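Residues -24 to -1, 1 to 515 (mature numbering (1 follows the signal peptide of the UniProt record, and there is no 0)) are what the sequence shown spells out, left to right.
No residue lacks a Cβ here, since even glycine has one placed at the ideal position from N, Cα and C.
Note that the structure is predicted; figures quoted are calculated from it, not measured.
What follows is a single structure, written as structure tokens, with notes after it.
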Amino acid sequence: MRRLTALSVTTCAVVIGSVAPANADPRDVSSEKLRKSVTLQGLQEHLEAFQAIGSANGNTRATGTPGYEASVEYVVATLKKAGYRVTTPEFNYPVWQENTPAKLTWGSRSFTSSPSSASGTPVDMITFGFTPSETLTNLLVVPTNDIVIHTGSDNTSTSGCEEEDYPAAAAGNIALIQRGTCPFVQKLALAEEAGAAGVILFNEGNSPTRVNPQFIEGPFDLGIPAVYLSATLGKELYAATQQGPVRVTLTTNTTTTPRFFRNVIAYSSTGDPDNTVMLGAHLDSVPAGPGVNDNGSGSSALLEIAEGMAQLAKNKNKGSLTNRVAFAFWGAEESGLIGSTYFVEHLSDAEKADILANLNFDMLASPNFARMVYDGDGSSFGTEGPAGSDIIEHVFNQYFESVGLTYEATAFTGRSDYGPFIAEGIPAGGLFTGAEQPKTAAQVARYGGVQGAWLDPCYHQACDTLSTLLGSPPLDAQGFLPLPVAQWPAAAAALAGNGLVGFDQMADAAAHATWYLTMADDPLSGEPTLTLPKRAGGH
């Protein structure tokens, strides 16, 4: 998770009763009582639990590790205690192994893959995870459209992001793609659909962290070999293709073995099952750290909302659910949305049609946060979601306006677990507080924080810990200060506890949208509006 490139800012079995008949009074769509039940204390207790799990399991909760399994058990126990019907559907996350280094031969030059790379380690080439074994001999290198040789820091390349980016000559040859604005897996999938026999992808070179290749897992069913080059080598190869035909030989030697892990999904026992509001957050961290923000924060918000809804039902403080609610905790998001993709792809058409909306919460406690809402109507970034996504966006927007909080749009790119849902035409939306994007002066004016520092200074690093959210210096295991500003101590003072402030605000917005969509009659019909029905109240 993920990307921010432009702004659209506005200032300002748990039983929850039975579904009422059509002639009943309108459902109470005020979210006030649910929001009151979602407390910062409760959110922090869940964050503490995820930190404890990471600390007890090698500082990681990555899928395939004991830390992930412990996270699954914690979520299952919490939801069952609240009274939900909990399932743990499995997904295939196979083991991939590179038996011998990949070899790329270009004229008289030869390059071999390295097993992994930190962003500062000079490496020519790394093989994409789940690349199959194959030898491609003397094939033409065919550049995709929209390759941009950067002279500045903008992340503007859309190379390989659309079907039209692949020339006809790519079929049967090797597609040359530049890293850029869309997911790696999207580029690889489109290259394969275009008939390419293989892929050479190179880094952008528009910043120090985007020069050397890093290990990236492709989709586990990747059918063509793919390697990732440094920006230096990739630009050289691209320049050569502009002078005349370039042919290369690429050899890979790998093994893939099936392996299954668990998602966690909890359903309410009431509400219309033909109109299910599915909330999602990924449960795994990256291998480098415990992922307390990414994505212990989203998982904690889901747990707190689920517990709040259960308590309201128990106390009979609210009316019946109109639409069923489901809470989904996805595995292997960090490896390419594997858990959520597997779940969606194995639903029947009828089961897909039963999902009214998907709300995604990935990173809600970034220490240098911005309040961001997915651009469901496409008005800010030009990419809209399936019909109904616009209304979901506006439900979030109107909430922030009603409580006097500024917000902005974030691109609806499909780079988190809502991606598989929108690919099937299911309306989606969600919230995001930022990853590795430097905070702008305009954002500092709106939200406070430190200009030039990443929105999450510890994004995908060992220091994504509870202590960082509370304001301690984010040291990794080697004592490295990863914050990309000159003086961390000044930034630390400015950001102390800041992530929890934003988390509290974003969790309330998530609770509001959840309650509205589960209580309102036909909530995604009609024209989107920033004003909810007057009967909503309490906003």
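Which residues DSSP lists as bridging residue i, in chain order
i      : result
Trp306 : His258
Gly59  : Bridge partners of Gly59: none, in fact.
Glu66  : Arg238
Ser86  : Thr81
Arg300 : Thr252
Leu407 : Phe337, Val349
Phe388 : DSSP, once it has assigned bridges, lists no residue as partnering Phe388.
Tyr375 : Tyr375 is not bridged to any residue.
Ile331 : Thr252
Glu193 : Gly105
Asn229 : Thr76
Ile176 : Leu152, Val203
Trp430 : Pro414
Tyr243 : Arg61, Ala302
Arg223 : Leu116
Val71  : Thr233
Expected contact under 8 Å - CB spacing of residue i and residue j to nearest Å
i      : j      : result
Ala264 : Gln437 : 6 Å
Gly30  : Thr36  : 6 Å
Asn188 : Pro98  : 6 Å
Met348 : Glu321 : At roughly 28 Å, the Cβ-Cβ gap does not stay under 8 Å, so Met348 and Glu321 are not in contact.
Leu247 : Thr298 : Strictly speaking, residue 247 in this sequence is Gly, with Leu absent from that position. Yes, they are in contact, since the Cβ atoms of Gly247 and Thr298 sit about 6 Å apart, within 8 Å.
Ala302 : Leu255 : 7 Å
Arg223 : Asn114 : 5 Å
Ile368 : Ala489 : 7 Å
Ala172 : Ala146 : 5 Å
Gln73  : Thr230 : 6 Å
CA-to-CA distance, residue j to residue i, given in whole angstroms
i           : j      : result
Phe104      : Ile331 : 33 Å
Ala308      : Asn239 : 9 Å
Glu169      : Gln374 : 40 Å
Ile281      : Arg61  : 15 Å
Thr409      : Leu278 : 16 Å
Asn(-2)     : Thr494 : Any reading at Asn(-2) needs caution, since the residue's pLDDT is 33, under 50, leaving its predicted position unreliable; the model's value is listed next. Distance between the alpha carbons of Asn(-2) and Thr494: 18 Å.
Asn121      : Asp141 : 5 Å
Ala329      : Val5   : 24 Å
residue 522 : Ser342 : Examination of residue 522 is not possible in this model, given that the chain is present from -24 through 515 alone.
Thr(-15)    : Pro249 : Note that Thr(-15) scores a pLDDT of 40, beneath 50, so its modelled location is shaky; the value from the coordinates is reported in the next line. Computed Cα separation, rounded: 35 Å.
Leu446      : Ala151 : 46 Å
Ala165      : Asp480 : 38 Å
Trp430      : Val117 : 36 Å
Ser355      : Trp491 : 25 Å
Thr208      : Arg85  : 15 Å
residue 540 : Ala486 : Outside the shown range of the chain, which is -24 to 515, sits residue 540, and nothing can be said about it.
Glu360      : Asn75  : 42 Å
Arg155      : Ile192 : 12 Å
Leu16       : Ala216 : 56 Å
Tyr214      : Gly199 : 24 Å
Asn271      : Phe376 : 22 Å
Gly267      : Pro221 : 45 Å
Gly358      : Val51  : 37 Å
Leu313      : Glu212 : 32 Å
Pro433      : Pro42  : 26 Å
Gly133      : Thr157 : It should be pointed out that residue 133 corresponds to Ser in this sequence rather than to Gly. Answer to the nearest angstrom: the Cα atoms are 6 Å apart.
Val477      : Ser392 : 23 Å
Met285      : Ala304 : 15 Å
Same chain, Cβ closer than 6 Å to residue i, neighbours up to 5 away in sequence not counted
i        : result
Gly315   : Phe67, Asn239, Trp306, Gly307, Ala308
His22    : Ser276, Leu279
Ser365   : Gly352, Pro403, Ala404, Gly405
Thr88    : Pro77, Lys79
Phe196   : Pro70, Phe106
Arg422   : Thr382
Gly274   : Ala257, Phe337, Asp338, Leu340
Ser(-17) : Because the pLDDT of Ser(-17) is 37, which lies under 50, any placement of that residue in the model is unreliable, and the number read from its coordinates should be weighed accordingly. Counting only Cβ-Cβ distances below 6 Å, and skipping sequence neighbours, we find Ser356, Glu384, Ala385.
Tyr243   : Arg61, Ala302
Tyr435   : Ala411, Glu412
Own chain partners of residue i with C-beta closer than 7 Å, once the 5 adjacent residues on each side are dropped
i      : result
Asp452 : In this predicted model, Asp452 has a pLDDT of only 43, less than 50, meaning its place in the structure is not dependable; the value taken from the coordinates is given anyway. Correct list, in chain order: Gln437, Ala438, Cys439, Pro458.
Gly475 : Asn269, Ala341, Ser342, Pro343, Phe345, Leu445
Pro201 : Thr107, Pro108, Glu110, Leu112, Gly174, Leu226, Thr228
Lys163 : Gly136, Cys137, Ile153, Leu177
Ser47  : Phe26, Ile29, Arg37, Leu259
Val420 : Gln427
Ser95  : Any reading at Ser95 needs caution, since the residue's pLDDT is 49, under 50, leaving its predicted position unreliable; the model's value is listed next. So the list reads Thr185, Asn188, Gln190, once near-sequence residues are dropped.
Lys290 : none
Thr54  : Leu279
Own chain, CB closer than 8 Å to residue i, minus 5 neighbours either side, in chain order
i      : result
Pro362 : Ile398, Gly401, Ile402, Pro403, Ala404
Gln454 : Note that Gln454 scores 42 on pLDDT, short of 50, meaning its location in the model is unreliable and no value can be drawn from it.
beta-carbon residue i near the ligand FAD non-hydrogen atom, thresh 7 Å
i     : result
Tyr50 : Questions concerning the ligand FAD fall outside what the structure shown contains, since it holds no ligand whatsoever.
Ordered list of alpha helix (DSSP H) runs contained in the region 86 to 173, each at least 4 residues
160 to 169
Any alpha helix (DSSP H) of 4 or more consecutive residues that is wholly inside the region 2 to 43
8 to 13, 16 to 32
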